[in-house]
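Each remark here refers to the structure printed beneath this line.
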Ligand code: NAD
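Residue numbers (my numbering): 7 to 307.
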């Protein structure tokens, strides 16, 4: 795990509790922080899942099966994720260069924000196949959508099908037409109960609300990163909405955005193109144009 801040530490802890690794190295320019977090998690590991957790360097990560990049600029208050793009890109470029120079050839999961841009930056720098550079994307937003619906409909989140696509950010696309509960549409299951536009806004703004309250978000994104690791380690071939290189889907290429992806041992094994209605397809294209503009600014600066 590169970056032992709030997200990195929470991810390391959650990975350990799931027993998903035998050895984990925490890398951070703040070496004292990385060492302290590694020791704290090691203490917990003794009572939970046996695993070796230590602070180290890129050489230690050279043969890792998975690297998770959480080093990046954190946003404050109501600042958008895109506002920290240039600073985050510098950090991501430096980390990925050192990781690949050390010989890393595993799957790289990028959580640093703005995640679609940072995953694209990491992909361009790493020289790894796109299948092995994955942004956590809208997996977290999708969990928020399913959780919000489940609580309103009084059903278990696992019984709610729903997905958020596009940018992990202000232009994200909650695909309301695809929501199903036991195969029923929202209108069939609970006629007139849910205001879709309001629900989508709440899901979009959920991160800001948490940042306002505690200064950062960590547990949700950590669990999303762990879920992707699990899919890789267990070769699940599960469909997850994650940020991936577009190669012609919706007529778009050379940018990262979230689409439903089949995730297994090789990383992203297939990118699926969902059936969106006209409004949703337009919103997805809007997400793309925002990210393309931001890529243009990053490439100039
Ligand atoms: P944080 O400031 O607590 O941690 C960042 C860590 O990165 C710090 O410990 C810092 O020392 C380290 N770091 C900085 N530059 C480095 C470098 N060049 N090499 C190694 N380490 C370096 O921030 P955080 O709250 O953990 O957030 C980390 C990132 O994750 C941010 O970009 C944040 O926006 C993002 N994030 C993403 C999601 C998501 O859904 N994708 C959710 C929450 C946070």
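Even for Gly, the Cβ is constructed at its ideal location relative to N, Cα and C. These figures come from a predicted structure and were not determined experimentally.
Bounding residues of the beta strand (DSSP E) (the contiguous stretch that carries residue i)
i, result
"residue 60", "58 to 61"
"residue 238", "Looking at the DSSP string, residue 238 is not in any beta strand (DSSP E); the run it does join, the alpha helix (DSSP H), is 225 to 239."
"residue 31", "29 to 32"
"residue 177", "Taken as a continuous stretch (DSSP letters only), residue 177 belongs to no beta strand (DSSP E), as it is neither H nor E."
"residue 73", "72 to 75"
"residue 65", "Counting along the chain, residue 65 falls outside any beta strand (DSSP E), though it belongs to the alpha helix (DSSP H) covering 64 to 67."
"residue 141", "139 to 141"
"residue 249", "244 to 253"
CA-to-CA distance, residue j to residue i, given in whole angstroms
i, j, result
"residue 6", "residue 140", "A query on residue 6 cannot be resolved here, the shown segment of the chain reaching from 7 to 307 and no further."
"residue 261", "residue 243", "23 Å"
"residue 186", "residue 269", "22 Å"
"residue 63", "residue 43", "15 Å"
"residue 156", "residue 247", "19 Å"
"residue 293", "residue 48", "41 Å"
"residue 189", "residue 245", "18 Å"
"residue 1", "residue 297", "Coverage of the chain is limited to positions 7 through 307, which leaves residue 1 absent and any answer about it impossible."
"residue 220", "residue 165", "30 Å"
"residue 115", "residue 18", "13 Å"
"residue 196", "residue 159", "8 Å"
"residue 282", "residue 178", "14 Å"
"residue 83", "residue 161", "32 Å"
"residue 233", "residue 13", "14 Å"
"residue 216", "residue 303", "29 Å"
"residue 124", "residue 299", "14 Å"
"residue 147", "residue 222", "16 Å"
"residue 258", "residue 295", "10 Å"
"residue 212", "residue 218", "10 Å"
"residue 22", "residue 198", "43 Å"
"residue 45", "residue 96", "29 Å"
"residue 214", "residue 182", "22 Å"
"residue 194", "residue 305", "47 Å"
"residue 85", "residue 56", "40 Å"
"residue 24", "residue 52", "14 Å"
Same chain only: Cβ atoms within 7 Å of residue i, ignoring 5 sequence neighbours per side
i, result
"residue 110", "67, 68, 70 and 73"
"residue 119", "78, 81, 87, 90 and 94"
"residue 151", "168, 170, 180 and 209"
"residue 101", "8, 75 and 77"
"residue 99", "127 and 131"
"residue 290", "171, 172, 179, 256 and 282"
"residue 163", "152, 153 and 156"
"residue 301", "123, 126 and 261"
Limits of the alpha helix (DSSP H) - the one that residue i falls within
i, result
"residue 47", "37 to 53"
"residue 11", "No alpha helix (DSSP H) holds residue 11; DSSP gives it neither H nor E."
"residue 155", "145 to 159"
Own chain residues within Cβ distance below 6 Å of residue i, not counting five before or after
i, result
"residue 278", "266"
"residue 58", "29"
"residue 10", "32, 34, 39, 40 and 43"
"residue 192", "185 and 200"
"residue 113", "72, 138, 238 and 273"
Nonlocal neighbours in the same chain, by C-beta distance under 8 Å from residue i, ignoring five residues either side
i, result
"residue 106", "131, 132, 133 and 134"
"residue 255", "265, 277 and 279"
"residue 136", "129, 250, 251, 253 and 274"
"residue 103", "131"
"residue 122", "141, 143, 173, 174, 175, 249, 261, 262, 263, 264 and 297"
Expected contact under 8 Å - CB spacing of residue i and residue j to nearest Å
i, j, result
"residue 206", "residue 145", "At roughly 17 Å, the Cβ-Cβ gap does not stay under 8 Å, so residue 206 and residue 145 are not in contact."
"residue 61", "residue 37", "6 Å"
"residue 20", "residue 228", "5 Å"
"residue 271", "residue 241", "4 Å"
"residue 26", "residue 236", "6 Å"
"residue 16", "residue 224", "4 Å"
"residue 202", "residue 149", "Actually they are not in contact, since the Cβ atoms of residue 202 and residue 149 sit about 18 Å apart, beyond 8 Å."
"residue 65", "residue 108", "5 Å"
Query raised in the report: Could you give the uninterrupted runs of the alpha helix (DSSP H) lying entirely in the stretch 80 to 130, keeping only those of 4 residues or more?
Result: Here the runs fully enclosed are 91 to 107.
Requested in this report: Identify every run of the beta strand (DSSP E) within the stretch 260 to 296, keeping only runs that are complete inside it and at least 3 residues long; order them along the chain.
Outcome: For secondary structure counted as the beta strand (DSSP E) over 3 or more consecutive residues, the stretch 260 to 296 holds these complete runs in sequence order: 273 to 277.
Query raised in the report: What runs of the alpha helix (DSSP H), each 4 residues or longer, lie entirely inside the stretch 189 to 220?
Result: Fully enclosed alpha helix (DSSP H) runs of no fewer than 4 residues occupy 192 to 195 and 202 to 220 of the stretch 189 to 220, in order along the chain.
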